[in-house]
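Worksheet: the structure to be examined is printed underneath.
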Amino acid sequence: MNCAAVLSAIRAAGTARVTDLIHATGLSRPTVSAAVSTLMTDGWVEETEAPDLDLPRMGRPARVLRFRADARYVLGIDVGPHKIYCAVADLSGTVVSHVRRDVEEASTHAQLLEQVTATMRQALDAVPVPSSALAAVGIGTPGVVDEQRGAVVQAPSIPGWSSLELGGLFRRSVECSVRVENDVNLAVMAERWNGVGGAAENLILVQWGARVGAAVLVHGELHRGAHGAAGEIGFLELEEEPQGVQPDGLGPLESAAGTAWILSRARSLGFDGADASAVLTAAAGGEARALQAVDEACARLSRGLASFVSAIDPELVIIGGSVALAGDAILASLRRHLTRRALVTPRLELSQLGDDAVALGAVRLALSDAERRLLDVYTAAPQADLP
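Sequential numbering from 9 applies to the sequence shown in the numbering used here.
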């Protein structure tokens with residue numbers, strides 16, 4: 009427990025002298041020195057140069073200690089039916105390598121694992137980092153996830169992924185902890201950690217593209233729900249729209265307001281665009297037909313989002329996914345429609361993380377797991393000299 013306290017203090021400070029650690033932990037000098045010696049032997053702490061080395065100093069210089077963030081690494085993976093994104097980070101959370109690959113939809117679970125491990129290997133080799141140096145792996149995937157098993161329980165929009173034991177499959181390839189979480193849940197963790205949601209305790213992230221999903225933080229903690237299905241707003245029903253899961257696996261709301269609908273509506277208005285990205289980019293530039301399609305999609309989405317906002321009362325709603333290409337146009341339209349439907353309208357922001365969001369959230373998930381396991385190594389050991 010003394011080692012855990014000293015290690016936590018060093019990590020919080022960045023660099024620290026023994027005197028600093030005594031003040032931070034309340035432990036005696038001999039206890040701190042013994043803990044530092046153990047942590048250095050175990051490879052977690054090392055001596056470094058003092059930041060004020062050029063200043064005149066009398067006597068022997070004090071030992072300056074730092075956490076060895078490069079002692080181990082974590083891996084964050086965003087895996088979907090058509091892309092795999094791997095990010096390697098050290099234990100300070102600094103991403104040192106990332107690889108994104110567009111892939112064909114795997115016909116078997118073994119083929120999926122092969123594609124993921126190949127992408128992982130490419131990301132690790134770029135550092136280079138051996139897989140034996142991994143402390144934890146976080147994986148983000150579409151669908152409702154059983155967090156304990158690391159399994160996809162339901163994924164209506166991806167045939168063949170329901171009951172996918174993703175964690176179990178991947179544990180065959182690595183010798184460390186593997187955590188699996190819903191992709192939008194990881195994206196909101198990334199927003200809180202490294203995005204526009206850092207100051208918000210209560211927020212909703214809406215990931216809006218071909219699919220529409222949401223994730224909720226309440227008092228800074230992820231709200232997963234009793235079955236891991238909190239935030240599946242794409243499956244909310246609109247009275248005049250088709251009900252239930254659609255033949256393409258999409259829910260009613262995402263069928264009525266997703267990017268496929270936006271493209272279809274823009275074309276019906278005479279917009280000549282190759283894909284939804286063209287519509288959204290044109291809307292950002294003020295093109296009238298693209299703006300109308302986006303505005304109608306915002307009107308539809310706000311009907312489902314308003315109920316969600318009223319129930320949660322967040323201070324911030326972050327809009328992520330490909331609709332962010334529309335820029336301020338999407339925010340202005342959604343704000344106008346939400347104001348008509350919700351008692352209180354929260355602040356709206358566009359995500360700045362783009363395609364990195366899920367992989368960064370997976371890194372954050374893996375880091376939390378690695379930190380807990382590292383501290384558990386010492387807190388589970390016999391107690392030496394508690395104050």
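Ideal placement from N, C-alpha and C gives every residue a C-beta, glycine not left out. Quick caveat: nothing in here was measured; it's all calculated off a predicted structure.
Do the CB positions of residue i and residue j come within less than 8 Å of each other?
{"i": "Ala298", "j": "Ala290", "result": "yes"}
{"i": "Gly242", "j": "Leu261", "result": "yes"}
{"i": "Val366", "j": "Ala97", "result": "no"}
{"i": "Asp377", "j": "Ser185", "result": "yes"}
{"i": "Ile30", "j": "Arg74", "result": "no"}
{"i": "Leu211", "j": "Pro322", "result": "yes"}
{"i": "Ile326", "j": "Glu357", "result": "yes"}
{"i": "Leu225", "j": "Val196", "result": "yes"}
{"i": "Ala13", "j": "Arg80", "result": "no"}
{"i": "Thr267", "j": "Ala218", "result": "yes"}
{"i": "Ile166", "j": "Met128", "result": "no"}
{"i": "Glu113", "j": "Pro150", "result": "no"}
Going by other Cβ atoms of all chains shown within 10 Å of its Cβ, with 16 needed for buried, is residue i buried or exposed?
{"i": "Arg37", "result": "exposed"}
{"i": "Leu63", "result": "In this predicted model, Leu63 has a pLDDT of only 48, less than 50, meaning its place in the structure is not dependable; the value taken from the coordinates is given anyway. Classification for Leu63: exposed."}
{"i": "Val53", "result": "buried"}
{"i": "Arg380", "result": "exposed"}
{"i": "Leu61", "result": "Here the model assigns Leu61 a pLDDT of 47, short of 50, so the residue's position is not dependable, and the following value carries that caveat. The residue is exposed, with fewer than 16 neighbouring Cβ atoms inside 10 Å."}
{"i": "Gly22", "result": "exposed"}
{"i": "Val45", "result": "Sequence inspection shows Ser at residue 45; the Val mentioned does not correspond to that position. It counts as exposed."}
{"i": "Pro354", "result": "buried"}
{"i": "Gln119", "result": "exposed"}
{"i": "Leu15", "result": "buried"}
{"i": "Leu230", "result": "buried"}
Look up residue i in the DSSP assignment and give the residues it is bridged to.
{"i": "Gln162", "result": "Val152"}
{"i": "Phe178", "result": "Phe178 is not bridged to any residue."}
{"i": "Ser185", "result": "Ala144"}
{"i": "Ser105", "result": "Val96"}
{"i": "Asn193", "result": "Its beta-bridge partners do not exist; DSSP assigns none."}
{"i": "Asp110", "result": "Lys91"}
Determine the DSSP secondary structure at residue i, reduced to helix, strand or coil.
{"i": "Gln3", "result": "With the chain covering 9 to 395 only, the question about residue 3 has no answer from this structure."}
{"i": "Trp216", "result": "strand"}
{"i": "Gly362", "result": "helix"}
{"i": "Val82", "result": "strand"}
{"i": "Ala24", "result": "strand"}
{"i": "Gly221", "result": "strand"}
{"i": "Val53", "result": "strand"}
{"i": "Val137", "result": "coil"}
{"i": "Glu173", "result": "coil"}
{"i": "Phe279", "result": "coil"}
{"i": "Glu357", "result": "strand"}
{"i": "Leu351", "result": "coil"}
{"i": "Leu383", "result": "helix"}
{"i": "Val226", "result": "strand"}
{"i": "Asp256", "result": "coil"}
{"i": "Val204", "result": "coil"}
Indicate whether at least one CB of chain B lies closer than 8 Å to the CB of residue i.
{"i": "Ser36", "result": "Absent here is chain B; the protein component of the structure consists of one chain."}
Along the chain, where does the beta strand (DSSP E) containing residue i start, and where does it finish?
{"i": "Asp98", "result": "91-98"}
{"i": "Thr116", "result": "Neither: Thr116 is in no beta strand (DSSP E) and is coded neither H nor E."}
{"i": "Glu209", "result": "Run containing Glu209: none; DSSP gives neither H nor E here."}
{"i": "Arg74", "result": "72-75"}
{"i": "Glu304", "result": "From DSSP, Glu304 is part of no beta strand (DSSP E) but of the alpha helix (DSSP H) over 296-320."}
{"i": "Val325", "result": "324-328"}
For the alpha helix (DSSP H) containing residue i, name the first residue and the last one.
{"i": "Glu240", "result": "Unbroken run through Glu240: none, as it is neither H nor E."}
{"i": "Ser263", "result": "260-265"}
{"i": "Val331", "result": "Premise fails: Val331 is in no alpha helix (DSSP H) and is neither H nor E."}
{"i": "Leu288", "result": "284-292"}
Say yes only if the C-beta of residue i is nearer than 7 Å to one or more non-hydrogen atoms of the ligand SAM, and no if none qualify.
{"i": "Asn210", "result": "Among the components of this structure there are no ligands whatsoever, and the ligand SAM is therefore not found."}
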